Every structure is written in structure tokens, then in C-alpha cells.
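Visitor:
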Amino acid sequence: MLTRFDDYCIHQTTEPLAQPFTSDRNFYDRYWFNGFDKDGAFIFEAGFGIYPNRHVMDGHFSVSMGGVQHAFHTSRRAPLDRTQTQSGPMRIEVVDPMRKIRIHIAPNDTGIECDLLFHARTAPVREDKNLMNEGVRTFMNTTRFTQFGFWSGHFTINGQRTEVALATTFGTRDKSWGWRPVGEPEAGAPGLLNGEPGVYWVWAPMHFDDCCTHYCTFQDRDGKPTQEGASIVPVYADSSAIPDGEDAGVRHLKSFTHKIHWEPGTRRAQGATVTLEDKTIELTPLIDFQMLAIGYQHPTWGHGCWKGEEVFAAESWNLAELDKLDYKHIHRHQVVRARMGDKVGVGTLETVCFGRHTPSGFKDLLDGAP
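Numbered by my numbering, the letters in the sequence shown go through residues 566 to 935 in order.
(1) Looking at C-alpha atoms only, which residue of D891, E875 and E915 is the closest neighbour of H863?
(2) Can you look up D572 in the DSSP assignment and give me helix, strand or coil?
(3) I'd like to confirm the pairing. Which residues does DSSP put opposite K665 in its beta bridges?
(4) Measure the Cβ-Cβ separation of G646 and P617 and say whether it is below 9 angstroms.
(5) Going residue by residue through the stretch 850 to 916, where are the continuous beta strand (DSSP E) segments of at least 3 residues, counting only ones entirely within it?
(6) Would you tell me roughly how many angstroms separate the C-alpha atoms of A878 and P644, rounded to the nearest one?
(7) With H, G and I counted as helix, E and B as strand and the rest as coil, what does DSSP make of A671?
(8) Could you work out which residue in S640, D680, H772 and W827 is closest to G714 when comparing CA atoms only?
(9) From what residue to what residue does the beta strand (DSSP E) around I797 run?
(10) Short check: CB of F683 to CB of R709, under 9 angstroms?
(11) Got a sec? Which residues, its chain only, sit under 7 angstroms from D853 by beta carbon, not counting five neighbours each side?
(12) Where does the unbroken beta strand (DSSP E) through R832 begin, and where does it stop?
(13) Should D680 and H719 be called a contact, given that it needs their Cβ atoms to be closer than 9 angstroms?
(14) Can you tell which of T838, R686, N706 and P750 has its C-alpha closest to the C-alpha of N695?
(15) DSSP state of A806, grouped into three classes?
(16) With the cut-off set at 9 angstroms, would you say T916 and R832 are in Cβ contact?
(17) Please report how far the alpha carbon of N723 lies from the alpha carbon of W597, in whole angstroms.
(18) Hey, quick one: how far does the beta strand (DSSP E) through L696 stretch, first residue to last?
(19) Going by Cα to Cα distance, which pick from I895, N591, Y573 and T579 is closest to W742?
(20) Can you pull the DSSP bridge partners for S640?
(21) For the putative contact between F927 and P762, defined by C-beta atoms under 8 angstroms, what is the C-beta separation to the nearest angstrom?
(22) Where does T840 sit, in a helix, a strand or coil, going by DSSP?
(23) Hey, how far is the Cα of M622 from the Cα of V729?
(24) Whose CA, out of R902, T923 and A754, lies closest to the CA of A606?
(25) If you drop the 5 nearest sequence neighbours on each side, which residues of the same chain put their C-beta closer than 6 angstroms to that of P829?
(26) Mapping DSSP to helix, strand and coil, what is T923?
(27) Buried or exposed: V701, going by 16 or more other Cβ atoms within 10 Å of its Cβ?
(28) If you measure between the beta carbons of L914 and A834, is that distance less than 9 angstroms?
(29) What does the alpha-carbon distance come out to for the pair D693 and Q792?
Here's what the structure looks like:
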């Protein structure tokens with residue numbers, strides 16, 4: 566199981582690098598990206614992951630614009646060589662680590678293609694570890710960093726090419742690894758959490774002219790955080806000035822809260838307020854994005870699911886026609902206008918809430934907001 570990576574002095578275990586340190590079936594290593602026009606004309610997102618113990622590599626790319634969302638999906642048998650980040654016509658290329666990364670989808674018969682380059686604006690910000698147990702078993706143990714940046718390049722949907730301008734297209738990316746529930750469900754006894762299933766996650770990275778802000782919270786059904794953090798992140802006009810590794814200039818805040826303004830009868834945000842110490846940020850949605858399009862809660866293109874030796878496909882949705890309380894459509898991203906005092910910025914608001922969440926007024930698995 567040796568690969569070219571084994572010639573570098575980067576081993577962390579006694580095994581070759583292609584072999585994960587755990588035999589947990591759900592071990593993964595994954596990229597996620599988004600980019601959006603500052604005025605909300607479009608948002609695109611991409612995900613690309615490898616699940617070595619499931620023998621799967623998969624990728625997704627999706628664009629939401631004009632009330633329609635288009636999605637590209639691809640999957641293959643996972644290669645041993647981790648430098649082979651390509652599935653079908655989709656390829657992820659690390660041009661300059663932590664500074665420039667390219668997403669490329671070659672022309673193909675789905676009509677979806679792109680050539681997009683992420684330019685870092687900040688150093689990566691490492692989030693608190695996400696560790697969750699079910700009885701004696703750890704079913705989630707992940708590390709993730711978030712990074713802010715701009716995009717250049719283009720994407721094409723069914724022959725319509727959209728240029729992506731560096732000055733007006735903001736974005737965020739993350740990289741995560743570890744293990745979490747993915748792929749086909751495991752057999753055996755039902756998990757202890759099945760008695761009252763529930764997830765509450767809010768994530769809100771924002772761009773301003775002179776800084777970026779980062780906030781996230783994972784909460785239990787009573788609103789108690791199991792993971793939470795907030796920071797103010799320095800920005801750099803020249804990516805060569807970004808510090809290597811973690812930036813000592815990041816301010817990790819001690820006091821922060823949030824409130825989602827839920828649309829009545831739904832689990833969709835119609836706005837939000839994030840308070841970071843003495844700063845209040847008001848978030849106003851500009852455009853919607855369904856996370857279904859990049860694998861989340863997808864009935865056939867879920868993360869880590871076996872689809873075949875190498876396959877790819879595409880689909881589209883009219884966003885106005887979707888059932889707002891359908892399980893598949895609860896997990897959303899929204900491009901939002903952010904106002905913090907006299908500063909005006911733009912960013913992403915992610916919300917996903919299944920099950921009871923008492924602070925929000927949700928009582929059942931999928932009831933709407935009061």
C-alpha cells in the first residue's frame with residue numbers, strides 16, 4: 566500500500582500514508598468550497614471527498630442563480646494515491662497550499678463545466694474539534710479549518726458561460742478530516758440517538774473590507790453547545806503576506822451569541838443576528854442554495870455511497886417549487902448581506918435543524934417555526 570507520499574517525512578502513524586489510522590468505516594478527508602457574487606447574482610459550491618475504508622471518492626459542484634439550482638455529481642472507486650484528486654471530469658488541484666486551489670470540470674455531456682481558482686484572503690482558521698459519542702462509541706471525531714478568499718475563472722451551465730471576477734466574487738472554503746456518519750447506513754442494533762433524533766448547526770463566516778468574522782455553533786436539543794466558537798480574522802491584500810500555518814493575529818472571542826429569525830411554518834431562516842462581544846451583525850438573505858446539491862441528505866448521491874467504478878450525472882431544481890419542510894431541503898446555505906455598525910459585508914449563513922430544538926420553538930422532527 567505504499568504511495569509516493571511515503572517518500573516524504575510526514576508519517577504520523579506506523580502505517581503507510583494510504584492507510585488511515587483507524588479502521589472506522591466512516592473515516593474521510595474532504596474539501597468544501599463556495600463562491601458568490603457580492604450582490605447575490607449567483608452562488609456556486611463544491612465538495613470533494615475520499616472515504617478510503619469505504620473505497621469511495623466522490624465530488625459535487627452546484628450553481629444557484631435565477632431561481633434555479635443545477636448540480637453535478639461524480640463518484641469512483643477510491644485510489645490509493647491521495648494525489649489523485651480526480652473523479653470523472655472533475656479535478657481538485659492544490660496550486661499553492663493554503664493560498665490557491667483550482668476546481669476544474671472538463672467539458673462533458675451533463676452541460677456543467679468550470680475552471681475556478683480560489684485565492685486566499687486569510688490564513689486558515691482551525692475550528693474547535695467536533696467530538697460526539699453514542700454510548701461507548703465515538704461516532705464523530707473531526708478536525709476542520711475554514712479559510713476566506715476570492716475567486717476568478719468561469720463556470721458554464723448548458724452553454725451559458727458566467728465569468729467569475731476576482732474583485733466581486735467572495736468565497737469560503739474548508740478542509741476537514743476524521744470520521745462522521747456518511748455512506749450507506751450500518752446494520753445491527755439501532756443507535757441510542759434514534760429515540761430522539763436531532764441536529765442543530767449554524768455557521769456564519771463573513772467578509773468585510775478590513776477583516777473577516779467567523780461564528781459556528783453545534784447545539785443539543787435544549788440549546789446547549791457541543792461545539793461553538795467565534796473569531797475575528799485578519800485579511801491580507803497579497804496572498805504572499807499570509808502567514809504560514811495558523812495566524813497569531815486571529816482574535817478568538819470569549820463572548821458570542823446568535824438568533825435565527827425563522828420563517829413561520831418552516832425551518833428556513835429569513836434573517837439572523839450574530840453578536841460577537843460588543844459587535845452585532847445583522848444578516849439579510851440574498852440568494853438560496855440547497856445543500857442537497859452537494860450530497861447532504863441526497864437520497865442517491867450521499868457522501869461516501871458506492872455508485873460504481875466511475876460515474877457522473879447532473880440534475881436541476883426550481884427552488885420555488887421545493888417543499889420547505891421536506892427532510893432533503895432543510896439544510897441550506899444563504900448568501901447574506903452583513904451589517905456590523907457602519908461596516909457592510911457579505912457572507913454565508915448555514916442552517917440545519919432537525920428534531921426538537923427548544924430555544925427555536927421546534928418540538929418535533931420537522932414541525933415549522935411558530
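Glycine included, every Cβ here is placed at the ideal spot set by N, Cα and C. Just so it is clear, the structure is predicted and the values come from calculations on it, not from any experiment.
Guide: Let's see:
(1) Position 298 of the sequence shown, counted from the start, is the residue given in the question as residue 863. Checking every option, the nearest Cα to that of H863 belongs to D891.
(2) Here residue 572 refers to the residue found at position 7 when the sequence shown is read from its first residue. In the structure shown, D572 sits in a helix (DSSP, three-state: H, G or I).
(3) As a position in the sequence shown, residue 665 is number 100, starting the count at 1. K665 is bridged to D661 and H684.
(4) Here residue 646 corresponds to residue number 81 of the sequence shown, with the count starting at 1. Here residue 617 corresponds to residue number 52 of the sequence shown, with the count starting at 1. Here the sequence assigns Asp to residue 646, which means Gly is not the residue at that position. No.
(5) 875 to 883 and 897 to 905
(6) Position 313 of the sequence shown, counted from the first residue, corresponds to residue 878. Position 79 of the sequence shown, counted from the first residue, corresponds to residue 644. Roughly 20 angstroms between the two C-alpha positions.
(7) Your numbering for residue 671 matches position 106 in the sequence shown. Reduced to three states, the DSSP call for A671 is coil.
(8) The residue labelled residue 714 in the question sits at position 149 within the sequence shown. Here the closest residue by C-alpha is H772.
(9) Looking up residue 797 in the sequence shown gives position 232. Its beta strand (DSSP E) spans residues P790 to V798.
(10) The residue labelled residue 683 in the question sits at position 118 within the sequence shown. The residue labelled residue 709 in the question sits at position 144 within the sequence shown. No.
(11) Looking up residue 853 in the sequence shown gives position 288. Closer than 7 angstroms at the Cβ level, and outside the excluded window around D853, lie S629, L884, R897 and Q899.
(12) The sequence position of residue 832 within the sequence shown is 267, counting from 1. Note, R832: premise wrong, no beta strand (DSSP E); not H, not E.
(13) On the sequence shown, residue 680 is found 115 positions in, with the first residue counted as 1. On the sequence shown, residue 719 is found 154 positions in, with the first residue counted as 1. Yes, they are a contact pair.
(14) Numbered from its first residue, the sequence shown carries residue 695 at position 130. Looking at the Cα atoms, N706 is the closest of the given residues.
(15) Taking the first residue of the sequence shown as position 1, residue 806 is located at position 241. Reduced to three states, the DSSP call for A806 is helix.
(16) On the sequence shown, position 351 is the one that residue 916 refers to. On the sequence shown, position 267 is the one that residue 832 refers to. Cβ atoms of T916 and R832: closer than 9 angstroms.
(17) Within the sequence shown, numbered from 1, the residue matching residue 723 stands at position 158. Within the sequence shown, numbered from 1, the residue matching residue 597 stands at position 32. Answer to the nearest angstrom: the Cα atoms are 24 angstroms apart.
(18) Along the sequence shown, read from residue 1 onward, the residue named residue 696 stands at position 131. Start and end: N695 to E699.
(19) Start at 1 with the first residue of the sequence shown, and residue 742 comes out as number 177. Selected option, being the one with the closest Cα: N591.
(20) Position 75 of the sequence shown, counted from the start, is the residue given in the question as residue 640. BP columns for S640 point to D623 and V876.
(21) Within the sequence shown, numbered from 1, the residue matching residue 927 stands at position 362. Within the sequence shown, numbered from 1, the residue matching residue 762 stands at position 197. F927 to P762, Cβ: 12 angstroms. No contact.
(22) Translated into the one-based positions of the sequence shown, residue 840 becomes position 275. The answer is strand: DSSP assigns T840 an E or B state.
(23) In the sequence shown, the residue the question calls residue 622 occupies position 57. In the sequence shown, the residue the question calls residue 729 occupies position 164. Straight-line Cα distance between these residues: approximately 27 angstroms.
(24) Counted from its first residue, the sequence shown places residue 606 at position 41. That would be R902, whose Cα lies nearest to the Cα of A606.
(25) Walking along the sequence shown from the start, residue 829 turns up at place 264. Answer for P829: A934, listed in chain order.
(26) Numbered from its first residue, the sequence shown carries residue 923 at position 358. If DSSP states are grouped into helix, strand and coil, T923 belongs with the helices.
(27) Taking the sequence shown and counting its residues from 1, the one referred to as residue 701 is at position 136. Label assigned to V701: exposed.
(28) Counting from 1 along the sequence shown, the entry for residue 914 is found at position 349. Counting from 1 along the sequence shown, the entry for residue 834 is found at position 269. Result yes, Cβ atoms of L914 and A834 sit closer than 9 angstroms.
(29) Taking the first residue of the sequence shown as 1, we reach residue 693 at position 128. Taking the first residue of the sequence shown as 1, we reach residue 792 at position 227. Near 7 angstroms, if we compare the C-alpha coordinates of Q792 and D693.
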